[in-house]
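When you read off a place in the first sequence, starting at 1, and then add 626, the result is the number in my numbering. Here is the structure we will look at, set down as structure tokens.
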Amino acid sequence: MLFKKRTHTCGDLRSANLNEKVTLNGWISGKRDLGGLLFIDLRDRYGITQLKIDPDNKACYDTAVKLGQEFVVSASGIVIKRESINKNIPTGEIEILVEELDVLNESEIPPFVIEEEIKATDELRLKYRYLDIRRKSIADNLILRSRVSQIVHRYFEKHNFIEVETPMLMKSTPEGARDYLVPSRVHKGKFYALPQSPQLYKQILMVSGMDRYVQICKCFRDEDLRADRQPEFTQIDFEMSFVTQDDVFEILEGMFGEIWKEIKGVSLPEKFRRMTYDEAINSYGSDKPDLRITGEMKIENISGIAGGSEFKVFQETLNSGGIIAGIKLSGKEVTRKTVDSLTEFVKKHGFGGLGYLKFNAGGNVQSPVAKFLSAEITDNIKNAFSAADGDTVFILSGEKMKVLTALGQMRLKLAEDFKLTDESKYEFLWVTDFPLFHYDHDEKRFFAEHHVFTMPKDEYLKFLDSRDPAEVESIRANCYDLVLNGHEITSGSIRIHKPDIQKKVFDIIGLTDEEAKMKFGFILDAFRYGAPPHGGAAVGYDRVIAILAGLKSITDTIAFPKTLKASSLMDECPGEVSQEQLDELAIQIVKKEA
RNA sequence: GGAGUCGUAGUUCAGUUUGGUUAGAACGCCUGACUGUCACUCAGGAGGUCGCGAGUUCGAGUCUCGUCGAUUCCGCCA
């Protein structure tokens, strides 16, 4: 079908184009019929341009009055100056006096009005995602995503990385997240798995001597979903040979630096701040602390100070190996309501109650536990937190990790309730020295915290032969996360490349040689032929885009996202398949009993 | 797997607490009027399986149970 092609987009024309004869193609975004004069807003992804239809041009006018929302048209005419200027849009000084108007396609009445302040629910927007993407904010997210992608490709190429595509159909490995499985027709009863990440392939590429590998790739995890978790998501996955942790950091610091500079016009520090896992847990009660909070609100362990008190709860805690710790809220009025809501919050975390010390003006201390604490102890607590009059210190006592994580979550809650987070900041933080193992008391065995190929730090290699839970759990790994504003956006490690160390790690998690061979045989084979020291990381691409776009959820960074139940409302997947397809795969559906 | 919230016109919601006349509003849609609008304005109109299924009741949008879907959180996500 022939149609008059556009000479400009709907975002192009300005006063400089006055008197030019132009053609625009686009969607009808609005129509204002004044009874004679008729104005149309024509939209494409570049912007909106106003069309003026004069009733004297009868053919044109007759077509125009019949136009509905989202009709696709081609309009030709002269760029003229508007009588009244619209300062809200970039093309607001001009309009097109239309001479020729063709309907390229009609549209049914859309199920929701396509406007920036969308009223439709997520459910409806996902079902008609193609209409949702016509909205500027969603389109802009996809454009942003595309721009970042270009920056990333350019950056890694500049640093001598090779892009290698790795298989989407691979072997299922039982460690880690649940795999999405794909049945094999040729090998009946056997299954491929979709990659949770290209981890093993990229390590093998290091053995191959590719030296520097990168890929922006889709990954799949069949786990329950959240606002920031989609069943399929995207990683910037990379691996480097002959490197230490610092080399990996440098690459990512450079990459994020370029992204932020180009997208946000913000210069990030050349080196990001670093913190060990232990420091993060002890001071922020989290392995991904949000450092945008005013005054940082560090957790202080006051076991030593408060332990000297008569307070029975504190005594019992310390006797059973627990800790007493707290956080300070600076200069905010703490009401009865605040305390009640926080108490309810900590009770959900399994605490009997919440202690607090309110340092009022004039040296008066308001506290339900004050009567158990001497003036000296109260003073010492005040000093430990560098508390001033008007500050409140909240205190919890109990098992160490429970206290720290509860205080960590309270820190975030207080920051939210009292608006202590500087939303304009970008706080990047390396969290390093993660534990290599944790002991599972139910299953009575050790598990790898990151993955089984993570290299222990040199000074802990001696504990690889120990089976004492405390010693084994003390082993720290060459394993690191990059945290941005409290979100984990990157995770990686230096890998084990020596078979003897690998064997010891397998031993600790109770993997026999035989099992190891069955699960990881191909990579262990590869490692026998000269594996270089190597390490890398994977960046959670969707989360990075969400933060750049100022979104809470990653859903709108993805063109066609899935719901929390992993279905796509637009194309209605997953769907049933025919009996023939099942027969070919030798698969039988077991109906759930009623 | 568990807990919470939501589901009423094309859309967003009110109505559910305390069951009771013809289920309302706004936007959208349709018709008409209007020659400088840009959230055009004005007048009129159409539009409902109250998610679905059972139950309680003289009577259910409203109460109970189940189910489906969306969403938030916990578990889970090396």
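Cβ coordinates follow ideal geometry from the N, Cα and C atoms, glycine included.
Legend entry - Three-state secondary structure (DSSP) of residue 786: To locate residue 786, count along the first sequence from 1; it is residue 160. In the structure shown, residue 786 sits in coil (DSSP, three-state: anything other than H, G, I, E or B).
Legend entry - 9 Å Cβ cutoff met for residue 925 and residue 1046: Along the first sequence, read from residue 1 onward, the residue named residue 925 stands at position 299. Along the first sequence, read from residue 1 onward, the residue named residue 1046 stands at position 420. Here residue 925 is not near residue 1046, since their CB atoms are 9 Å or more apart.
Legend entry - Three-pair Cβ contact test at 8 Å for the stretch 1120 to 1129 versus the stretch 1048 to 1056: No: fewer than three Cβ pairs fall under 8 Å.
Inset, instruction - Report yes or no: do the stretch 1166 to 1178 and the stretch 759 to 772 share at least 3 C-beta pairs separated by less than 8 Å? - result: The stretch 1166 to 1178 makes contact with the stretch 759 to 772, as at least three CB pairs between them are under 8 Å.
Legend entry - Neighbour-count burial assignment, residue 997, 16 or more Cβ in a 10 Å radius: Mapped onto the first sequence, residue 997 falls at position 371. In the assembly as shown, residue 997 is an exposed residue. Its beta-carbon has fewer than 16 other beta-carbons within 10 Å.
Inset, instruction - May I have the straight-line CA-CA distance separating residue 892 from residue 882, to the nearest angstrom? - result: Here residue 892 refers to the residue found at position 266 when the first sequence is read from its first residue. Here residue 882 refers to the residue found at position 256 when the first sequence is read from its first residue. CA-CA distance, residue 892 to residue 882, rounds to 11 Å.
Inset, instruction - Measure the CB-CB distance between residue 948 and residue 1021 and report whether it falls below 9 Å. - result: Stepping through the first sequence from its first residue, residue 948 is reached at position 322. Stepping through the first sequence from its first residue, residue 1021 is reached at position 395. Cβ atoms of residue 948 and residue 1021: not closer than 9 Å.
Inset, instruction - Under 8 Å by Cβ, that's how I've got residue 654 and residue 694 pegged, so tell me the actual separation to the nearest angstrom. - result: By one-based count along the first sequence, residue 654 stands at place 28. By one-based count along the first sequence, residue 694 stands at place 68. Taking the Cβ atoms as the reference, residue 654 lies roughly 7 Å from residue 694, within the contact range of under 8 Å.
Inset, instruction - Pick helix, strand or coil for residue 1221, following the three-state DSSP scheme. - result: Outside the displayed span of the chain (627 to 1220) sits residue 1221, for which this structure offers no information.
Legend entry - Alpha-carbon spacing of residue 657 relative to residue 673, whole angstroms: For the purposes of this step, residue 657 is identified with residue 31 of the first sequence, where counting begins at 1. For the purposes of this step, residue 673 is identified with residue 47 of the first sequence, where counting begins at 1. One C-alpha to the other measures close to 16 Å.
Legend entry - residue 1145 versus residue 1163 - alpha carbon distance: To locate residue 1145, count along the first sequence from 1; it is residue 519. To locate residue 1163, count along the first sequence from 1; it is residue 537. Taking the straight line joining both Cα atoms gives about 22 Å.
Inset, instruction - Counting only the same chain and skipping the five closest in sequence on each side, list residues whose C-beta sits under 8 Å from that of residue 1044. - result: The residue you call residue 1044 lines up with position 418 of the first sequence. Within the same chain, residue 1044 has close Cβ partners 955, 958.
Inset, instruction - Consult DSSP for residue 1061 and reduce its assignment to one of helix, strand or coil. - result: In the first sequence, counting from the first residue as 1, residue 1061 sits at position 435. Of the three classes helix, strand and coil, the one that applies to residue 1061 here is strand, per DSSP.
Legend entry - Burial state of residue 1219, where buried means 16 or more other Cβ atoms lie within 10 Å: Locating residue 1219 in the first sequence gives position 593, counting from the first residue. Its pLDDT being 49, under 50, residue 1219 is placed unreliably by the model, and nothing is read from it.
Inset, instruction - Measuring alpha carbon to alpha carbon, tell me which of 660, 671, 661, 627 ends up nearest residue 634. - result: Indexing the first sequence from 1 puts residue 634 at position 8. Taking each of 660, 671, 661, 627 in turn and checking the Cα distance to residue 634, the smallest one comes out for 671.
Legend entry - Sequence-distant residues of the same chain with beta carbon closer than 8 Å to residue 731, five excluded per side: Locating residue 731 in the first sequence gives position 105, where the first residue counts as 1. Counting only Cβ-Cβ distances below 8 Å, and skipping sequence neighbours, we find 697, 698.
Inset, instruction - Classify residue 1157 as helix, strand or coil using the three-state DSSP reduction. - result: Position 531 of the first sequence, counted from the first residue, corresponds to residue 1157. Three-state DSSP puts residue 1157 in coil, outside helix and strand.
Legend entry - Range covered by the alpha helix (DSSP H) that runs through residue 827: Indexing the first sequence from 1 puts residue 827 at position 201. Residue 827 -> alpha helix (DSSP H) spans 825 to 833.
Legend entry - Length-filtered (4 minimum) alpha helix (DSSP H) runs lying within the stretch 682 to 748: Within the stretch 682 to 748, the runs of alpha helix (DSSP H) that reach at least 4 residues and sit entirely inside it are, in chain order, 684 to 691.
Inset, instruction - Take residue 988 and list the residues in its own chain whose beta-carbon comes closer than 8 Å to its own, dropping the five residues that flank it on each side. - result: The residue you call residue 988 lines up with position 362 of the first sequence. For residue 988, where only same-chain residues beyond five positions count, the Cβ hits under 8 Å are 1015.
Legend entry - Local conformation of residue 1114 per DSSP, three classes: Working through the first sequence from its first residue, we reach residue 1114 at position 488. In the three-state scheme derived from DSSP, where H, G and I count as helix and E and B as strand, residue 1114 is classed as strand.
Inset, instruction - Alpha carbon to alpha carbon, how far is residue 950 from residue 938? Give it in angstroms, no decimals. - result: Working through the first sequence from its first residue, we reach residue 938 at position 312. Working through the first sequence from its first residue, we reach residue 950 at position 324. Approximately 12 Å, taken between the alpha carbons.
Inset, instruction - Return helix, strand or coil for residue 1219, following the three-state DSSP convention. - result: Here the question's residue 1219 lines up with position 593 in the first sequence. Bear in mind that a pLDDT of 49 at residue 1219, under 50, signals an unreliable position, so the number given afterwards is only what the model happens to contain. In the structure shown, residue 1219 sits in coil (DSSP, three-state: anything other than H, G, I, E or B).
Legend entry - Unbroken beta strand (DSSP E) run spanning residue 951, endpoints: Taking the first sequence and counting its residues from 1, the one referred to as residue 951 is at position 325. From DSSP, the beta strand (DSSP E) with residue 951 extends over 949 to 955.
Inset, instruction - Using 10 angstroms around the beta-carbon of residue 915, count the other beta-carbons present and answer buried if the total reaches 16, otherwise exposed. - result: Locating residue 915 in the first sequence gives position 289, counting from the first residue. By the 10 Å Cβ count, residue 915 comes out buried.
Inset, instruction - Would you decide whether residue 976 is buried or exposed? Buried here means 16 or more other CB atoms lie within 10 Å of its CB. - result: Against the first sequence, residue 976 aligns to sequence position 350. Exposed is the call here.
Inset, instruction - Kindly indicate which residue of 1004, 887, 964 has the alpha-carbon position closest to the one of residue 931. - result: Residue mapping note: residue 931 aligns to position 305 of the first sequence, counting from 1. The option with the nearest alpha carbon to residue 931 is 1004.
Inset, instruction - Along the beta strand (DSSP E) that carries residue 1100, what are the first and last residues, could you check? - result: On the first sequence, residue 1100 is found 474 positions in, with the first residue counted as 1. For residue 1100, there is no enclosing beta strand (DSSP E); the enclosing alpha helix (DSSP H) covers residues 1095 to 1100.
Inset, instruction - Select from 946, 738, 917 the residue whose C-alpha is nearest the C-alpha of residue 1026. - result: For the purposes of this step, residue 1026 is taken as the residue at position 400 of the first sequence. Checking every option, the nearest Cα to that of residue 1026 belongs to 946.
Inset, instruction - Figure out for me which residue from 629, 856, 720, 902 has the closest Cα to the Cα of residue 1104. - result: Numbered from 1 along the first sequence, position 478 holds the residue referred to as residue 1104. When C-alpha distances from residue 1104 are compared across 629, 856, 720, 902, the shortest belongs to 902.
Inset, instruction - Could you tell me the distance, in whole angstroms, from the CA atom of residue 1153 to the CA atom of residue 759? - result: Indexing the first sequence from 1 puts residue 1153 at position 527. Indexing the first sequence from 1 puts residue 759 at position 133. Their Cα atoms are separated by approximately 47 Å.
Legend entry - Contact under 9 Å by Cβ, residue 819 with residue 792: On the first sequence, residue 819 is found 193 positions in, with the first residue counted as 1. On the first sequence, residue 792 is found 166 positions in, with the first residue counted as 1. No, the pair does not count as a contact, with Cβ atoms beyond the cut-off.
Inset, instruction - Could you tell me which residues DSSP puts in a beta bridge with residue 840? - result: Walking along the first sequence from the start, residue 840 turns up at place 214. Answer is 789, 864, bridged to residue 840.
Inset, instruction - Look up residue 1134 in the DSSP assignment and say whether it is helix, strand or coil. - result: On the first sequence, residue 1134 is found 508 positions in, with the first residue counted as 1. In the displayed model, residue 1134 falls within a helix according to three-state DSSP.
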